[in-house]
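Terminal number for the sequence shown in this note's numbering: 88, no gaps in between.
C-beta: ideal position from N, C-alpha, C; glycine also.
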Amino acid sequence: MCRSCRKARRDYWNQWNKARQGITAPLTDDELLVELEHLRGSDDPDSIARRLGYSSGITLARRLYRMDQRDLARVFDRAGAAAA
Numbered sequence: 005m006c007r008s009c010r011k012a013r014r015d016y017w018n019q020w021n022k023a024r025q026g027i028t029a030p031l032t033d034d035e036l037l038v039e040l041e042h043l044r045g046s047d048d049p050d051s052i053a054r055r056l057g058y059s060s061g062i063t064l065a066r067r068l069y070r071m072d073q074r075d076l077a078r079v080f081d082r083a084g085a086a087a088a
């Protein structure tokens, strides 16, 4: 089997497994920010990541790193103000 066929097959099964688990598509940046605001009291990054459809806290951290830093700062500033 050629490399592109293997990749297409792997992508198909990855999508199928995600759909089976109820994860249909990655969240947009705005949706992710809203979900983070709802989960701001939780301490365990891996449980937060799994609730959002990521495999681990590291995967979620990579996604957050790629996001616009101003948006993240806004969310965490509001979280800090609410906790104070």
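Open item on the list: Applying the 10 Å Cβ sphere with the 16-neighbour rule, what's the burial state of alanine 53?
Closed with: On the sequence shown, residue 53 is found 49 positions in, with the first residue counted as 1. Under this definition alanine 53 is a buried residue.
Task: Exposure of tyrosine 69, with buried meaning 16 or more beta-carbon neighbours within 10 Å - done: On the sequence shown, position 65 is the one that residue 69 refers to. Per the 10 Å Cβ criterion, exposed.
TODO: Count the other C-beta atoms from every protein chain shown that fall within 10 angstroms of the C-beta of tyrosine 16, then say buried if there are 16 or more, exposed otherwise.
DONE: Residue numbering aside, residue 16 sits at position 12 when the sequence shown is read from its first letter. Its Cβ having fewer than 16 others within 10 Å, tyrosine 16 is exposed.
TODO: Output the distance between the C-alpha atoms of glutamine 73 and glutamate 39, rounded to the nearest integer angstrom.
DONE: Within the sequence shown, residue 73 is the residue found at index 69, counting from 1. Within the sequence shown, residue 39 is the residue found at index 35, counting from 1. The straight-line gap from Cα to Cα measures roughly 16 Å.
- [ ] Could you give the DSSP three-state label for arginine 44: helix, strand or coil?
- [x] For the purposes of this step, residue 44 is taken as residue 40 along the sequence shown, with counting starting at 1. Residue state, collapsed to three classes: coil.
Task: N-terminal and C-terminal residue of the alpha helix (DSSP H) that threonine 63 is part of - done: Residue numbering aside, residue 63 sits at position 59 when the sequence shown is read from its first letter. 61 to 70 is the span of the alpha helix (DSSP H), which, as asked, contains threonine 63.
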